[in-house]
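Asks: Residue numbers (the numbering used here): 71 to 398. All C-beta atoms in this analysis are idealised placements derived from N, C-alpha and C, irrespective of residue type, glycine included. These figures come from a predicted structure and were not determined experimentally.
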């Protein structure tokens, strides 16, 4: 397929971890016309602002990577903010993109869309077959809605308006540009910060929420960006051949998972912390296992390339560089 490197591409959420990685990937491929707007310039929850932006810019492609994200604590503490902000951003961007004539859009979701006790590894067809994990249900509902928005617009306007809106569901992401907030970050950046600070303070132990037994799959963010561009650039006939109109999303995972205890030991090694690791079983574990079945994407020709040990080293280096030794 011939690629137009001069086509206008809007990356929503370009300052976030995933959005910035997508921008890096597009630039590395030679794309010249990437449109970006910071939140201060464009509030994606504001319908009028989003309408004006799309009417003015009229991009050819949209990567919808903007989202309000956080770990267990943040999701538990701010459920209203998580469901409101994510739903509003998705509704405004997808609808206004359509209104402005955008033909191709890629929506980025999350593995939390799947039921808490879904069979492992989680295939795309287990969506909406069971109860969601309680701590991040509002966020999951918003992401499921984003998938269905894309599918609904495709079903109604795909032929008449030649639109092609796709969705990818990443597993747990980490890497360059991550959020290291002490309470509102995801597990890897939270642990990187905790182990780094413990190393600096010569702390004898690091206490980690939960039992350490849940299993999680982790994907380095630049792999996710590469997968996103790969899926966006697939021929429509190829994408349609591997998906269904009402089950059109594609999982993006690394291919294997680890326990939280194994992860903690790997992060301690990456940061150089040599104290004890203690687990607090009074804190919530979340889902017992979250491992994505990425066979659909693998059959299309894409696989992750950055292993966890190497990825953690890269993430820690980025953390220290960005935050001048103290990662916050």
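At what residues does the beta strand (DSSP E) containing residue 237 begin and finish?
Replies: By 1-based counting over the chain shown, the position of residue 237 is 167. It spans 234-240 - the beta strand (DSSP E) in which residue 237 sits, taken as one unbroken run.
Asks: With a threshold of 16 other CB atoms inside 10 Å of the CB of residue 391, please say whether the residue is buried or exposed.
Replies: As a first step, residue 391 is located in the chain shown; it is residue number 321 there, counting from the start. Residue 391 should be labelled exposed.
Asks: Distance, Cα to Cα, residue 357 vs residue 131?
Replies: As a first step, residue 357 must be located in the chain shown, where it is residue number 287. As a first step, residue 131 must be located in the chain shown, where it is residue number 61. The alpha-carbon atoms of residue 357 and residue 131 are separated by roughly 35 Å.
Asks: Give the straight-line distance between the Cα atoms of residue 396 and residue 230, rounded to the nearest whole angstrom.
Replies: The count along the chain shown starts at 1 and reaches residue 396 at position 326. The count along the chain shown starts at 1 and reaches residue 230 at position 160. Because the pLDDT of residue 396 is 45, which lies under 50, any placement of that residue in the model is unreliable, and the number read from its coordinates should be weighed accordingly. Rounded to whole angstroms, residue 396 to residue 230 spans 54 Å at the Cα level.
Asks: Please return the same chain residues whose Cβ sits closer than 6 Å to the Cβ of residue 87, not counting the five positions on each side in sequence.
Replies: In the chain shown, counting from the first residue as 1, residue 87 sits at position 17. Only 247, 248 and 291 meet the Cβ criterion.
Asks: Looking at the secondary structure, which residues open and close the beta strand (DSSP E) in which residue 321 lies?
Replies: Counted from its first residue, the chain shown places residue 321 at position 251. Looking at the DSSP string, the run of the beta strand (DSSP E) that includes residue 321 is 320-322.
Asks: For residue 258, which residues of its own chain have a beta-carbon under 8 Å away from its beta-carbon, when the five flanking residues on both sides are left out?
Replies: Here residue 258 refers to the residue found at position 188 of the chain shown. Excluding sequence neighbours, residue 258 sits near 242, 244, 248, 288, 333, 337, 382 and 385.
Asks: Under 8 Å, with one C-beta from each stretch per pair, do the stretch 323-333 and the stretch 275-289 reach the 3-pair mark?
Replies: yes
Asks: According to DSSP, simplified to helix, strand and coil, what is residue 279?
Replies: As a position in the chain shown, residue 279 is number 209, starting the count at 1. Reduced to three states, the DSSP call for residue 279 is strand.
Asks: Looking at C-beta atoms only, is the number of pairs between the stretch 348-364 and the stretch 178-192 that lie closer than 8 Å three or more?
Replies: yes
Asks: At a cut of 8 Å, does the stretch 362-371 reach the stretch 188-199 through at least three beta carbon pairs?
Replies: yes
Asks: Starting from residue 137, trace the alpha helix (DSSP H) in both directions and tell me its first and last residue.
Replies: Locating residue 137 in the chain shown gives position 67, where the first residue counts as 1. Unbroken run through residue 137: none, as it is neither H nor E.
Asks: What number of angstroms, rounded off, separates the C-alpha of residue 221 from the C-alpha of residue 331?
Replies: As a working note, residue 221 is residue 151 in the chain shown. As a working note, residue 331 is residue 261 in the chain shown. Rounded to whole angstroms, residue 221 to residue 331 spans 38 Å at the Cα level.
Asks: So, for residue 126: in the same chain, excluding its five sequence neighbours on each side, which residues have a beta-carbon less than 8 Å away from its beta-carbon?
Replies: For the purposes of this step, residue 126 is identified with residue 56 of the chain shown, where counting begins at 1. Nothing listed; no residue qualifies.
Asks: Quick one: what's residue 341 bridged to in DSSP?
Replies: Counting from 1 along the chain shown, the entry for residue 341 is found at position 271. In DSSP, residue 341 forms no bridge with anything.
Asks: Roughly how many whole angstroms lie between the Cα atoms of residue 206 and residue 147?
Replies: Taking the chain shown and counting its residues from 1, the one referred to as residue 206 is at position 136. Taking the chain shown and counting its residues from 1, the one referred to as residue 147 is at position 77. Distance between the alpha carbons of residue 206 and residue 147 is about 10 Å.
Asks: Output the distance between the C-alpha atoms of residue 113 and residue 262, rounded to the nearest integer angstrom.
Replies: For the purposes of this step, residue 113 is taken as the residue at position 43 of the chain shown. For the purposes of this step, residue 262 is taken as the residue at position 192 of the chain shown. Distance between the alpha carbons of residue 113 and residue 262: 31 Å.
Asks: Are the CB atoms of residue 319 and residue 238 nearer to each other than 8 Å?
Replies: Residue 319 sits at position 249 when you count from the first residue of the chain shown. Residue 238 sits at position 168 when you count from the first residue of the chain shown. It is a contact, given that the beta carbons lie within the stated cut-off.
Asks: Within 10 Å of its beta-carbon, does residue 378 have 16 or more other beta-carbons around it, so buried, or fewer, so exposed?
Replies: Residue 378 sits at position 308 when you count from the first residue of the chain shown. The residue in question, residue 378, is buried, as its Cβ has 16 or more Cβ neighbours within 10 Å.
Asks: Short check: CB of residue 297 to CB of residue 372, under 8 Å?
Replies: Against the chain shown, residue 297 aligns to sequence position 227. Against the chain shown, residue 372 aligns to sequence position 302. Their beta carbons are under 8 Å apart, which means residue 297 touches residue 372 by this criterion.
Asks: Report buried or exposed for residue 277, applying the criterion of at least 16 other Cβ atoms within 10 angstroms of its Cβ.
Replies: Mapped onto the chain shown, residue 277 falls at position 207. Residue 277 should be labelled exposed.
Asks: With distance defined between alpha-carbon atoms, name the residue in 105, 342 and 301 nearest to residue 77.
Replies: Taking the chain shown and counting its residues from 1, the one referred to as residue 77 is at position 7. Considering only alpha carbons, the answer is 105.
Asks: Out of 269, 150 and 235, state which residue places its alpha-carbon closest to the alpha-carbon of residue 344.
Replies: Along the chain shown, one-based indexing puts residue 344 at 274. The residue with the shortest Cα to Cα distance from residue 344 is 269.
Asks: Could you give the distance in angstroms between the alpha-carbon of residue 348 and the alpha-carbon of residue 275?
Replies: Translated into the one-based positions of the chain shown, residue 348 becomes position 278. Translated into the one-based positions of the chain shown, residue 275 becomes position 205. Cα to Cα, residue 348 sits roughly 7 Å from residue 275.
Asks: Who pairs with residue 290 in a beta bridge, going by DSSP?
Replies: As a first step, residue 290 is located in the chain shown; it is residue number 220 there, counting from the start. According to DSSP, residue 290 bridges with 244.
Asks: To which residues of the same chain is residue 304 closer than 7 Å at the C-beta, ignoring the five residues directly before and after it?
Replies: Sequence index remark: in the chain shown, residue 304 carries index 234 (1-based). Around residue 304: 370.
Asks: Using a Cβ-Cβ cut-off of 6 Å (strictly less than) and excluding sequence neighbours within five positions of residue 133, which residues of its own chain qualify?
Replies: Locating residue 133 in the chain shown gives position 63, where the first residue counts as 1. 81, 92 and 176, listed in sequence order.
Asks: Does residue 397 come out as helix, strand or coil in the three-state DSSP assignment?
Replies: Sequence index remark: in the chain shown, residue 397 carries index 327 (1-based). Because the pLDDT at residue 397 is just 42, under 50, the model does not fix this residue reliably, and the value given afterwards should be weighed accordingly. Three-state DSSP puts residue 397 in coil, outside helix and strand.
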